[in-house]
Amino acid sequence: MLSYLIRRLILVLPVAFGVSVICFLLVQIAPGDPLTAIMPIDATAEEQAAMRAAYGLDKPLPIQYAVWIGNLVQGDMGKSIASGRPVATEVFGAVKNSLLLAASAAVIAFPIGVFLGFLAGYFQESWVDRCVTALSITGVSVPNYWLGIVLVIIFSVNLGWLPSMGAGPGGSGAWEWDWLHVRHLVLPAVTLAVVPIGIVSRTVRALSGDILTQDFVQALYAKGMSRVDVLRHVARNAAATALSVMGLQLGYLLGGSILIETVFNWPGSGFLLSNAIFQRDLPLLQGTILVLALFFVAMNLIVDVVQAAIDPRIQRT
Amino acid sequence: MTKLLDIQNLSVKFSGKRNVHAINDVSLAMEQGETLALLGESGSGKSVTLKALLGLLPPKRTRIDGSMRVNGTDVLSLRGKALRKYRGGEVSMVFQEPALALDPVYTVGHQIAESVMRHKGLDKANAMSVALDMLDRVRIPSANRRLHSYPHELSGGMRQRVMIALALACRPRLLLADEPTTALDATVQIQILLLLRELQKEFGMGVIFVTHDIGVAVEISERVAVMYAGQIVEEGTTREIINDARHPYTRGLLAANLHDVARGTRLNAIPGAPPALDSAPGACSFAPRCPIALPACRAVLPPVFAPGPRRRVACLRATEPIAAE
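Respectively, the protein sequence lines represent chains S and A. Residue numbering for the first sequence follows our numbering, starting at 1 and increasing by one per position. Residue numbering for the second sequence follows our numbering, starting at 1 and increasing by one per position.
Structure, rendered in structure tokens:
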């Protein structure tokens, strides 16, 4: 197991390198000059060149990349062109908020998804199964930003129960664990949870339904096991695949909540990313994408390791 | 002494898109410690009989009539805890495909111990030592190491040995073996057969050995019951069946054997295919394929002729002298 872990960790290095190159290049390909956003329109050519040199944008791309990555490993992600603050501070503050939102959505979605999936898988082809299937397909199909707006209309505008904007009172970005802040989390977290509920329940339904038809389930009954024992065996068999799906879903929740964060004005990475795009804030854009991508890589690593730990059929040596 | 097994007029009918009369009026008895081979081709109802005995048929789609008693216990009336105690404790089963019948994500030791804990009320450590002892008894080399192996780490023969260890761990009075050698290589088949025979002597349990291979049936059992289309068409001791088969189906099976066949001659196969069991048979099910069928065979169910104690043949012409072949 330890050697598997080490080999898997070493494998992360080339992936992380590739991710950083792509992050760097993608931003270069995008149209638009970052300087036009911050320079006055009547700036002279000399002034533009001076600015370009100040940000190192006049050097060839490989040099720019080397400088960027060199600073990066020292923890310096550069300064935001728009705000002038260090990119690291901005990104990590935002990622922390996104992580909070993603984790909350996961805490809502995964138990519900697993429970519904098991229920549908156990009572396959019954009315329970049909209800769960209808529910999960609806959940996956409904655009979640639209659902977010509908929830805002119902719970914020009409009923006035929950706030619709920001992560705290007065739109402040600082998070605290009290009701004033948590009530800001409810609507975006619920909205964000709908898609993973659908995906997880569909996956678990297919898995458990498939496992229940296997011979060993009958063999378990034949040796006198109870229904609960059998379900425990089924759960253990489904766990590896179900966890990998949930791990990837968590990755999507973190990076893919741009629309939800925009709808709810949630000061997370998606919100930061969309602002960075509109302001052509190159260092900020690169930093945010890189952090999110690396998070995905880390998520995959964790999923692989956990999977190998529960399923003996996956090669561990 | 109570009979180990007493099945009276058992009928099993599956309903659904198609109705299937899988078992039709089967009666069968076994004494303690007997080994019976249930012989028949695919779809003749052998496996269904075994599953009915363990209450494993899907309750919603199955209708069971008749009665089944194991050591005097009415199997069909068992529910809940009593049924769980009976399954694996009183009667246990070895499945055809050990690769599929073992849970892939638990060690084989755990799977044996799980059953022992349930039936004998032992704690995990003691149950594991029972499991180790069982692996030794089914002659698994370095059992200590194998205890912590997963099914996919074992060969087919080893897995079937584990399956047998699992089935016998709680000392059942009756072992149901559902074609336990069909999925194995020929050389391994013999080993498993010999092992089952030895264990039967050692443990003294009764065995129902389901097979479609008459050679295997002869090798393992004292008695043979031949099934066709959900009915028992002939029953007797193995010697009687080999030397004095009366039912044309049994004779066909014996003739279809590969032994003593001269090279280049055609194999003596039984022509035709078994009937679809959409409705309960009202005449001899074998008549359409029977070389000696009379018009009467196609009109009424054949009478059961009993030439001796525990010997019977369901054939209209069973009393006639066998024509020289």
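Beta carbons are placed, not taken as given, at the ideal position from N, Cα and C, and that holds for glycine. All values derive from a computational prediction rather than experimental measurement.
- Judged by DSSP secondary structure, N9 of chain A falls within the beta strand (DSSP E) whose first and last residues are 5-14.
- In the three-state reduction of the DSSP assignment, Q218 of chain S falls in the helix class.
- Within 8 Å of the CB of L102 of chain A, the CB atoms of chain S belong to F216, A219, in sequence order along the chain.
- With respect to chain S, the C-beta atom of H119 of chain A has a partner C-beta closer than 8 Å.
- Take the alpha-carbon of T181 of chain A and the one of A217 of chain A: they are about 11 Å apart.
- In the DSSP secondary-structure assignment, H21 of chain A is bridged to A:K13.
- The stretch 92-109 of chain S and the stretch 183-200 of chain S touch, with no fewer than 3 CB-CB distances between them shorter than 8 Å.
- Q96 of chain A and R84 of chain A have their C-alpha atoms spaced approximately 22 Å apart.
- Taking the C-beta atoms as reference points, S98 of chain S is found no nearer than 8 Å to L285 of chain S.
- Collapsing the DSSP output to three states places E153 of chain A in a helix.
- Counted as a single uninterrupted DSSP element, the stretch harbouring F295 of chain S is not any beta strand (DSSP E) but the alpha helix (DSSP H) occupying residues 282-310.
- DSSP places Y106 of chain A in the coil class of the three-state scheme, outside both helix and strand.
- Only residues of its own chain outside the window of five on either side were considered, and among them Q111, I112, S115 have a CB closer than 7 Å to the CB of L166 of chain A, listed in chain order.
- For F209 of chain A, the uninterrupted beta strand (DSSP E) segment begins and ends at 206-211.
- Taking each of A:L78, A:L316, A:D244 in turn and checking the Cα distance to G308 of chain A, the smallest one comes out for A:D244.
- S3 of chain S sits in a helix when the DSSP states are folded into three classes.
- In this structure the stretch 1-11 of chain A does not touch the stretch 189-200 of chain A; the number of beta carbon pairs closer than 8 Å is below three.
- Taking 8 Å as the cut-off, the beta carbon of L168 of chain A is found closer than this to the beta carbon of L175 of chain A.
- Taken in chain order, the members of the stretch 221-246 of chain S whose beta-carbon sits within less than 9 Å of a beta-carbon on chain A are Y221, A222, K223, G224, M225, S226, D229, H233, R236, N237, A239, A240.
- With fewer than 16 other CB atoms across the displayed protein chains lying within 10 angstroms of its CB, M1 of chain S is exposed.
- Scanning its chain for C-beta atoms nearer than 8 Å, with the 5 sequence neighbours on each side dropped, one finds around L147 of chain S the residues T191, V194, in chain order.
- K85 of chain A reaches chain S at G224, counting residues in chain order whose Cβ is nearer than 8 Å.
- Going by DSSP, Y228 of chain A is part of no alpha helix (DSSP H) but of the beta strand (DSSP E) stretching over 223-228.
- Residues of chain A whose Cβ lies closer than 9 Å to the Cβ of D311 of chain S are, in chain order, P104, V105.
- Interface annotation for the stretch 45-70 of chain A against chain S: L54, L56, criterion Cβ-Cβ distance under 7 Å.
- Distance from A229 of chain A to S44 of chain A at the Cβ level is roughly 6 Å; contact confirmed, criterion being Cβ atoms closer than 8 Å.
- If you draw a straight line from the Cα of V150 of chain S to the Cα of A309 of chain S, it is about 42 Å long.
- Under the 10 Å beta carbon count, T89 of chain S is surrounded by fewer than 16 other beta carbons and is classified as exposed.
- Contact between V12 of chain S and L301 of chain S holds, since their C-beta atoms are separated by about 6 Å, short of 8 Å.
- G113 of chain S and P196 of chain S do touch by the CB rule: their CB atoms are close to 6 Å apart, below 8 Å.
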